[in-house]
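In our numbering, the protein residues as written are 4 to 216.
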Amino acid sequence: MIQIRRVFTHVEEIRHEFGPQAEVPPLRGAIGAVLTNPYAGRYEPDILPMMDALQDVGLDMAQRLLQAMHVPAERIETYGKGAIVGAGGELEHGALWHVPGGYAMRELLGWKGDRNAYAQGKAEEKTGQPANALAIVPSTKKVGGPGAALDVPLTHINASYVRSHFDAIEVRVPGAPASDEIVFILAMSTGARIHARVGGLKAADISQWNGLR
C-alpha cells in the first residue's frame, strides 16, 4: 500500500529579520514524502488501513528530519504537520496523517501515551507522566496540483498557548503531488519566531503542563 516516489527535506537558519542578529539562530525544518494515493479516483468508505500502514513512514520521517536539522531532540521546541492531496484524491485522505505523523514526532520528543488507543478513538491511556511533547500537533491540509505550497503551522511542543512560538513554514515539493499522489509533511523548529515581542504566555512560564498552558 505504501509506495514512496520522493522524499524532500528543507532546513533553514534564520539569523535576523531586520532586527539584531540572534546569538543562536533558530532552525526550521520540514520533510515531505510523496506517496501514491491508493484511493485516488474513487470513493473508498474504509480508508483506515492506510493509516495503519503509515505508522512506520511517520517514524522514519520524524527521525530523518531531526537528523537533517543536526540537533538533539532536546533542542526541538515546535512542531507541525500537513498534507497536500493530489486532485484525484479527497481532503479526507490527508487526514490519514493525523495519527502516524503527529505521534511519530511526539514519541521522538519524549511523549509516553498510547497512540493505538488514540487511533481507535479511545481516550489517551497514559503510561506515566509524559516527559515532553504534551501539546497536540497542529495540522493543515489541502487538495492541490504539482508544486502546490502549504503553510504548515507550528506551535510549542508542550503548551499550545505559548504565543512566541506561533509560527508556520511554507512547504512545496516541485512536481508533486501528481493527481494520484499525496505529499505528507512533518515540520519542526528549535525556537520561537526570531524577534518575538508581542507578549502572551512565554515558554519559561509554562505551569499547567496540560498541553495548553
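Every residue, glycine too, gets a C-beta built ideally from N, C-alpha and C.
(1) Residue 72: buried (16+ other C-beta within 10 angstroms of its C-beta) or exposed?
(2) Runs of 3 residues minimum, wholly inside the stretch 20–99: which ones carry the beta strand (DSSP E) assignment?
(3) May I have the straight-line CA-CA distance separating residue 102 from residue 44, to the nearest angstrom?
(4) If we count the other Cβ atoms within 10 Å of its Cβ and call it buried at 16 or more, is residue 213 buried or exposed?
(5) When DSSP labels each residue in this structure, what does residue 190 get in the three-state scheme?
(6) Can you have a look at residue 132 and say buried or exposed, based on whether 16 or more other CB atoms are within 10 angstroms of its CB?
(7) So the candidates are 31, 32 and 54; which of them puts its Cα closest to the Cα of residue 41?
(8) Can we say the stretch 67–85 touches the stretch 165–179, given the rule of at least three CB pairs closer than 8 Å?
(9) With 16 other CB atoms within 10 Å as the buried threshold, where does residue 21 fall?
(10) Classify residue 111 as helix, strand or coil using the three-state DSSP reduction.
(11) Kindly indicate which residue of 87, 100, 28 and 204 has the alpha-carbon position closest to the one of residue 18.
(12) Pull up the distance between the alpha-carbon of residue 76 and that of residue 100, whole angstroms please.
(13) What does DSSP give as the partner residue(s) for residue 168 in the beta ladder?
(14) Count the CB pairs spanning the stretch 89–98 and the stretch 139–147 that are closer than 8 Å, and state whether there are at least three.
(15) Secondary structure at residue 101, three-state DSSP: helix, strand or coil?
(16) Mind reading off the beta-carbon distance from residue 67 to residue 34? Whole number of angstroms is fine, and I expect it under 8 Å.
(17) Tell me the residue span of the beta strand (DSSP E) that contains residue 152.
(18) Which residue from 197, 207 and 201 puts its Cα closest to that of residue 24?
(19) Looking at the structure shown, is residue 126 part of a helix, part of a strand, or coil, going by DSSP?
Checking against the coordinates, here is how it stands:
(1) Buried is the call here.
(2) List check, beta strand (DSSP E) in window: 30–39 and 81–88.
(3) When rounded, the separation of the alpha-carbon atoms in residue 102 and residue 44 is 24 Å.
(4) Around the beta carbon of residue 213, fewer than 16 other beta carbons sit within 10 angstroms, so the residue counts as exposed.
(5) Looking at residue 190 - three-state DSSP - the assignment turns out to be strand.
(6) A caution first: residue 132 carries a pLDDT of 45, below 50, which makes its placement in the model unreliable, though a value can still be read off. Residue environment analysis places residue 132 among the exposed positions, since fewer than 16 neighbouring C-beta atoms fall within 10 angstroms of its C-beta.
(7) With distances taken between Cα atoms, residue 41 lies closest to 54.
(8) The answer is yes - the stretch 165–179 touches the stretch 67–85, with three or more Cβ pairs under 8 Å.
(9) Exposed, because fewer than 16 other Cβ atoms sit within 10 Å of the Cβ of residue 21.
(10) Here residue 111 sits in helix by DSSP.
(11) Per the C-alpha coordinates, the member of 87, 100, 28 and 204 positioned closest to residue 18 is 28.
(12) Straight-line Cα distance between these residues: approximately 22 Å.
(13) According to DSSP, residue 168 bridges with nothing at all.
(14) Judged by pairs of C-beta atoms under 8 Å, the stretch 89–98 touches the stretch 139–147, as three or more such pairs exist.
(15) Residue state, collapsed to three classes: helix.
(16) At roughly 6 Å, the Cβ-Cβ gap stays under 8 Å, so residue 67 and residue 34 are in contact.
(17) Taken as a continuous stretch (DSSP letters only), the beta strand (DSSP E) holding residue 152 covers 152–159.
(18) Nearest C-alpha to residue 24: 197.
(19) No answer about residue 126 holds up, because its pLDDT of 46 lies below 50 and its placement is not dependable.
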